[in-house]
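Working notes for the structure below.
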Amino acid sequence: MFIKQLKYDLLFGRNTFFTMAAIVIGWGIIMGNLDTLLQDDHFFMGAMFAFGMTISMTVVGVLSIMQVFQLYRKSLFGDSGYLTLTLPVTRGSLLASKIAASMIWYLFMIFAGFIMVVIMVLQIEGAFIVTDSNNFFVNLLAFLLYIVFIGLFLISVLFFATTLAHSSFSNKRVHSVVSGIIGFVYIAVFFRIYNTLNQRSWGETLVEGVSSGGDVWSFTRMGPLIGIQYGRIPVGPETDAVFIDIYAHALTLAFAAAAIIATLYLLKKRIDLR
Amino acid sequence: MDNVLEIKELSKNYGKTQALKGVSFDIPKGKIVGVLGPNGSGKTTIIKTVMGLLSDYGGDVRIMSETPGFLANRHISYLPDVSHIPTWLTVNQAIGFFSDFYQDFDTEKARGMLADMKIPTDKKLKTLSRGMQEKVQLSLVMSRKAKLYVLDEPIGAVDPASREFIIDTILRNYSEDSSILLSTHIIADIEPILDVAIFIKDGEIVLHDEVDKIREDNDNSLDQLFREVFRNVH
Amino acid sequence: MMSEFDNNQPIYQQIVEQIRLSIAKGELSPGAKVASVRDMALRFRVNPNTMQKSLAKLEDMGYLHSERTSGRFVTDDLALIETLKAEIPSKITGKYVSDMTEFGIAAGDIPNFVRTYIERGGPYGQRTGN
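In order, the protein sequence lines correspond to chains A, B and C. Anchor point for the first sequence: position 31 equals 17 in my numbering, and the numbering is continuous, going up by one each time. Anchor point for the second sequence: position 224 equals 225 in my numbering, and the numbering is continuous, going up by one each time. Anchor point for the third sequence: position 123 equals 169 in my numbering, and the numbering is continuous, going up by one each time.
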């Protein structure tokens, strides 16, 4: 049942996300060839370019999450809700399938965004001599871990807020705004705790090389091999390592889990489709 | 288990408004029951509760002894009064969907019904006219061998020819092992096919009896009686 | 065979009358097989339980009989059918007379209306040719 649901949930978003991916990559191609287009070799000053890239990636992330939210809302609380919620499947199965499909599309868009960045960067001479760059792959893996967990967290909170807005707790006057506020506050509280716990800004949490001292979890590269290890971070010419902040990730997963459990409760006990 | 549906003292409040005030009735096997009342009388609230679309309610609701939820939904084939099948699906995909999720779905029957209506199966639902979409929905819902069919305003917004089609479809798919609960505020066309009529007014049952008996007792058609009972309600 | 019903009267009774009429007219031949309850219900567009009631009533009255394995049949009893046939014109006449007198036509004048109508061949004098 779950697989069948997943099939349809993925199918539902296919056109939307394929289109978005095409736009994202198209944008990458445009940005990556601005010098040719504008006939100006000196167009991209480093900072401007990096800024443009960051904005683009953020926009991709935000748009993906918004699309995911729309799909969930329509399939569960639009007219289709009369079908979805009366299927002979448990609410848990429904929610799991929606979350899985959302994560898959979210990661698909992140991948498209990554391709966009690669295309944009290709034009810079020497930017991609990968084997020389320090920490590249291990950094990437650490970044991905962060992306996945934060994405799961944000998606879960969105699901919760949407479900709350369509539950028996809400009425016509109040629903979206209050649910939105609750969701926003929950996210804000999370990031407050997250940052306090880690005592650094979220930008810094992203990628960090840690000098050896004490046993930690890390993505480690030795020669061509990459793995996860618990122990002292090795230092040496053929090795790279990036610290995996397990407390941060555990916190993210805990907050996501709480949102999911709350959403499930609402779906089972407090649903009121109107 | 002789009763397909049992409702005891069902109530639902929305803030201060009482949508349902202790409604009770049973539906035995093989009966076609009409829940009749104007808009806002509580018919849809009852149906949503039975379907598990409304969780906060007072009282007891049992479908084949199960409480509303996914186990009960195996036994119920539901036609809501909105276009509930995602319109981005093609007709073929919609058939596949029903076949995937409902073990009691009869694909051959559904295809047969759609072929009779000459509906192109490779088209997306959203490209079909409203009337055709409703016929597709009805065909899919009635192609399941369910114990209880719940039809919410099945002849609501359709032309007379379509009404005949809908009534024919309902009768054609009737079986002694299953029951039909249909809600409507358009009585005349549906009268002849009902076994039992339940009149709902302001969240309460004001009449519940076999249709022939109602006619004899009141020397009136159901339609006429309905107009009298609900004269001041719109 | 399907027709509109007067929802003011019990429908099963109206079905009984319609089927009796069909038998009298010969639309349903003596000994002919009657379709199943479901098919009949569909044809008349009524609830199958209502149709069942009608058919049971017709069996009680002797117009139909059922063989356990083969189904329901119209009666073979030609005498019964003849009696039915005779009933119908007087029933129709009874209704006609009562409608006319209700309208205020004196009973004695009624035969004149009938004769004129038939001689003229129609309500407005067209010859319909018998």
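We put the CB at the ideal spot given by N, CA and C, even for glycine.
Closest in alpha carbon position to residue 32/B, among 226/B, 184/B, 58/B and 178/B, is 178/B. Within the segment 66 to 92 of chain A, 66, 68, 69, 71, 72, 73, 74, 75 and 76 place their CB atoms closer than 7 Å to a CB of chain B, listed in sequence order. Below the 8 Å Cβ cutoff, chain B contributes 216 as neighbours of residue 55/C, in chain order. Apart from the 5 residues on each side of it in sequence, residue 62/A sits with its Cβ closer than 6 Å to the Cβ of 70 in its chain, given in chain order. Put simply, the backbone Cα of residue 30/B is about 14 Å away from that of residue 63/B.
Taken atom to atom, the span from the alpha-carbon of residue 163/C to that of residue 157/C is near 10 Å.
Taking a cut-off of 8 Å on C-beta distances, the segment 104 to 112 of chain B does not touch the segment 95 to 107 of chain A, as fewer than three cross pairs fall below it. Secondary structure within the segment 96 to 153 of chain B: the alpha helix (DSSP H) runs of 4 or more consecutive residues, fully enclosed, are 108 to 117 and 131 to 143 (chain order). Counting C-beta pairs closer than 8 Å gives three or more between the segment 220 to 227 of chain B and the segment 186 to 198 of chain B, which meets the contact rule. Between residue 148/A and residue 59/A, the C-beta gap is smaller than 8 Å, which places the two residues in contact. By the CB criterion at 8 Å, residue -8/A and residue 128/A fall outside the cutoff. The beta-carbon distance between residue 146/A and residue 245/A, rounded to whole angstroms, is 4 Å. This is short enough to meet the 8 Å contact definition. Taking CB atoms only, residue 114/C has no neighbour in chain B less than 8 Å away. The Cβ of residue 231/A sits no closer than 8 Å to any Cβ of chain B. Taking every protein chain shown into account, the CB of residue 4/A has fewer than 16 other CB atoms within 10 angstroms, so this residue is exposed. For residue 79/B, there is no enclosing alpha helix (DSSP H); the enclosing beta strand (DSSP E) has its first and last residue at 77 to 80. Along the segment 82 to 93 of chain C, going in chain order, the ones with a CB nearer than 9 Å to a CB of chain B are 84, 87, 88, 90, 91, 92 and 93. A straight-line Cα-Cα distance of about 28 Å links residue 81/B and residue 97/C.
For residue 138/A, the enclosing alpha helix (DSSP H) starts and ends at 122 to 151. Contact between residue 199/B and residue 41/B does not hold, since their C-beta atoms are separated by about 16 Å, which reaches or exceeds 8 Å.
With fewer than 16 other Cβ atoms inside 10 Å of its own Cβ, residue 1/A counts as exposed.
Look at residue 163/B here: in three-state DSSP terms it is helix. Residue environment for residue 218/B: exposed (fewer than 16 other C-beta atoms within 10 angstroms of its C-beta). Taking a beta-carbon distance threshold of 8 Å, residue 163/C does not count as an interface residue toward chain B. Relative to residue 92/A, the option among 48/A, 125/A and 78/A whose CA is nearest is 48/A. In its chain, beyond the 5 residues on either side, 33, 168, 171 and 172 have a beta carbon closer than 8 Å to the beta carbon of residue 194/B. Comparing alpha carbon positions, the residue from 83/C, 119/C, 92/C and 74/C closest to residue 51/C is 92/C.
Residue contact with chain C for residue 189/B: present (Cβ-Cβ distance below 8 Å to some residue of chain C).
The secondary-structure analysis by DSSP pairs residue 59/B across a beta bridge with 12/B. Counted as a single uninterrupted DSSP element, the alpha helix (DSSP H) harbouring residue -10/A occupies residues -12 to 18.
Taking the CA atoms as reference points, residue 173/A sits about 32 Å from residue 70/B. With respect to residue 120/B, residue 92/B sits close: the two C-beta atoms are nearer than 8 Å. Note: residue 73/C is not bridge-paired with any residue in the DSSP secondary-structure output. The Cβ neighbour count for residue 167/A, taken over all protein chains shown within 10 Å, is under 16; the residue is labelled exposed. At the C-beta level, residue 21/B and residue 48/B stay beyond 8 Å of one another. At least one C-beta of chain B is nearer than 8 Å to the C-beta of residue 154/A.
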